[in-house]
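In order, the protein sequences belong to chains R and A.
When the letters of the first sequence are read in order and numbered with the working numbering, they come out as residues 21 to 334.
When the letters of the second sequence are read in order and numbered with the working numbering, they come out as residues 21 to 334.
Where a beta carbon is used, it is the ideal one built from N, C-alpha and C, also for glycine.
Owing to the predicted nature of the structure, the values given are computational and were not obtained by experimental measurement.
Protein chains: 2
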Amino acid sequence: MPDPLSGWNTGPVKSAILSFVDKVALPGSAEFVPAADRIAVFDNDGTLWCEQPMPVQGFFLSDRVKQLALKDPSLKERQPFKAFIEGDHKTLHELGKQALQELMFATHAGMTEREFATIAQGWFASAKHPQLGALFTQLTYRPQIELIGYLRDNGFKIYVVSGGGVDFIRAFAAEAYGIPPEQVIGSSAKLKAEVRDGRIDLLKVADLGSFDDREAKVENIGLHIGRRPILAFGNSDGDLAMLRYTREGRGPRLALLLHHDDPEREFAYDRAFKISPLAEALDHADDYGITCVSMRRDWNTVFADRRVRPSAAA
Amino acid sequence: MPDPLSGWNTGPVKSAILSFVDKVALPGSAEFVPAADRIAVFDNDGTLWCEQPMPVQGFFLSDRVKQLALKDPSLKERQPFKAFIEGDHKTLHELGKQALQELMFATHAGMTEREFATIAQGWFASAKHPQLGALFTQLTYRPQIELIGYLRDNGFKIYVVSGGGVDFIRAFAAEAYGIPPEQVIGSSAKLKAEVRDGRIDLLKVADLGSFDDREAKVENIGLHIGRRPILAFGNSDGDLAMLRYTREGRGPRLALLLHHDDPEREFAYDRAFKISPLAEALDHADDYGITCVSMRRDWNTVFADRRVRPSAAA
């Protein structure tokens, strides 16, 4: 029988995953979990695909803002648009979450869900990572795609629970991960049902529905899924509450934390990454029963497109 | 082959359902819809089970308020608690939605999701309809349970989209309808992730998350499901936006509206029912392409428990 996790190196982490799935999915196992309760949640940026030098949605925002600036050149002189157009990441970090929200609304709202999906899907078809030269959808992590498939084959229902925009992720998650729109939870603008041209449509409005990060991830799991997952996978402090919530349930649980320690094949970063740092979760992983995954040690391959090599591109 | 909808009488409505399912689910059909897009949404109160003389959750509220009043007798003199304890429906209607919300928070919030689920499941195990004498879970509609099963067998994913409380419905929907918690959308209190006894838990707080009625049903479908359903079933004006949203999508669509016109076997009511009237949707069903279902004409049986007869009980 072929190895279902061939992208994972033999070692304690791979063994922990395989034995966890065996014990919850094998009928007759002492810790068997009915299929209906086999819920797994995955963060997206940095957990399922590359988030360096900034999350993919940042590049989408940037391209969209440039297109808006073609129509309205005054945007080029106004923050936070100016920083985005100029690729000035330092200023963007300084401007903080409020700026991000303003950019989100300018590029993600004021249109229907369907219109946004069309724009995002068009962008994914051709947009490439500026340093790595590959389509963003080729920068998903092969070992994680394998893991998702392996969990699915073992009766798990898999959710993405991301700080990224829910409609942005829905635009590629079905093709990239085999995860349908209803299994994507993310940050969201409020929706407004309105009659347009005689039919009811859903308009994305410039008003924050949810910023799906940290404790909000747990709260949105409660709202959307209605029970505690048995497996969670994240890579930053923004995922810590979700990892703890999962791990602290009764019965068999597995919480996994990906550490980006692989500058040769991907990137090496943790507490210094301003957009989404990893510090508390790393320091207290043992206290919370969280299993640390080392990209360098535990993965024998990284990207969906095997040709991608940051060190070669640099 | 046995009739999958044996509780439905032969006629135009049953034919419309059968031919709709055939055309969307049969590979090779000109109007075939991939399984991933076969989303069906059902209202709950009055669509999947009896909502007279008030929605079942009203009885739960009443019983819970009585229990709270045992601990705090001053509640008996304060509205809206007083009206609930005395079964004074007229006053309750007059006090309106604000009163309902206050009662909801008093009985549904200030505890974890898990604690609430335990209370609700305990109640369902023994609570009976005061006039009909059956457990509330025996007052689901047999033809609808059949329809849900028939849709599921044809690859549909079925959601409850209800004005009722999401956690209340989740407490019985898996057993009653075979619908898991993540496929229940409803009104909700906000959730707060908090550390209690060293572990993260989800607390239901006294703050409205969503009142899932009318346009909000469509907005919550967008948030939770992320695409337009192809089949919707409702029974009141509170469902009209959802019925229209479903019906007005491109391709094959079916929107069904149950009319309670059967005083012999259930109840007869529409525009005079203050809690959830049916008027606009009935008057404009033809304009919106909505198919009216007559309980009297189209169903040959009503309740899951066949012995229940309101006319016998009255």
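Among the residues facing chain A, R:Glu-135 is not included, as its CB has no counterpart in that chain under 8 Å away. A:Arg-172 and A:Gly-198 have their C-alpha atoms roughly 10 Å apart. The three-state reading of DSSP puts R:Leu-251 in strand, counting E and B together.
For A:Ser-208, the chain R residues whose Cβ falls inside 7 Å of its Cβ are Leu-243, in order along the chain. Here A:Gln-158 is buried, its C-beta having at least 16 other C-beta atoms within 10 Å. Around A:Tyr-265, the beta-carbon contacts reaching into chain R at under 9 Å are Ala-213, Arg-219, Ile-220, Asp-221 and Leu-222. With a threshold of 16 other beta carbon atoms within 10 Å, R:Arg-58 meets it and is buried.
Around A:Glu-235, the same chain offers Ala-261 as residues with beta carbons nearer than 6 Å, after the five sequence neighbours per side are excluded. The Cβ-Cβ distance between R:Leu-277 and R:Gly-254 falls below 8 Å. For R:Val-53, the closest Cβ of chain A is not nearer than 8 Å. The three-state secondary structure of A:Gly-169, taken from DSSP, is helix. Counting C-beta atoms within 10 angstroms of its own C-beta, A:Pro-54 has fewer than 16 neighbours from the protein chains shown and is therefore classed as exposed. Residues of chain A whose Cβ lies closer than 7 Å to the Cβ of R:Ala-56 are, in chain order, Pro-200.
The beta carbon of R:Leu-115 is closer than 8 Å to those of Gln-99, Pro-100 and Ala-103 in its chain, skipping five residues each way along the sequence. Counting the other CB atoms within 10 Å of its CB gives R:Glu-71 a total of 16 or more, which places it among the buried residues. In the displayed model, A:Arg-219 falls within a strand according to three-state DSSP.
Listed in chain order, the positions of the region 118–134 of chain A with a beta carbon within less than 8 Å of a beta carbon of chain R are Glu-133.
Under the DSSP definition of a beta bridge, R:Phe-323 partners with R:Tyr-161. Between R:Gly-142 and chain A, the shortest Cβ-Cβ separation is not below 8 Å.
Taking a C-beta distance under 8 Å as the contact criterion, A:Arg-317 and A:Gly-27 do not qualify as a contact pair. By the Cβ test, the region 304–319 of chain A is not in contact with the region 126–138 of chain A, since fewer than three Cβ pairs between them sit closer than 8 Å.
Between R:Ala-140 and R:Lys-148, the gap from beta carbon to beta carbon reaches 8 Å or more. The DSSP-derived three-state label of A:Lys-91 is helix.
Residue state for R:Phe-293 is assigned as coil, using DSSP reduced to three classes. Within a 10 Å sphere around the beta-carbon of A:His-304 sit fewer than 16 other beta-carbons, which makes this residue exposed. A:Glu-268 reaches chain R at Arg-219 and Ile-220, counting residues in chain order whose Cβ is nearer than 7 Å. Nearest Cα to A:Leu-123 within the set A:Gly-269, A:Val-204 and A:Phe-79: A:Phe-79.
Chain-order list of chain R residues neighbouring A:Ala-261: Ala-213 and Ile-220, by C-beta distance under 8 Å.
Look at R:Met-131 here: in three-state DSSP terms it is strand.
In this model, R:Glu-239 and A:Arg-285 are separated by some 42 Å (Cα to Cα). With a contact defined as Cβ atoms closer than 8 Å, R:Arg-270 and A:Ile-220 miss out at about 13 Å. As a beta-bridge residue in DSSP terms, A:Thr-311 pairs with A:Leu-276. For R:Leu-90, the number of other beta carbons within 10 angstroms of its own is below 16, and it is reported as exposed.
R:Glu-97 does not reach chain A, its nearest Cβ partner there being about 35 Å away, counting only Cβ pairs nearer than 7 Å. The beta carbon of A:Phe-125 lies closer than 6 Å to those of Ala-226 in the same chain, with the five residues before and after it left out. Put simply, the region 321–329 of chain R does not touch the region 34–41 of chain R. Fewer than three CB pairs are less than 8 Å apart.
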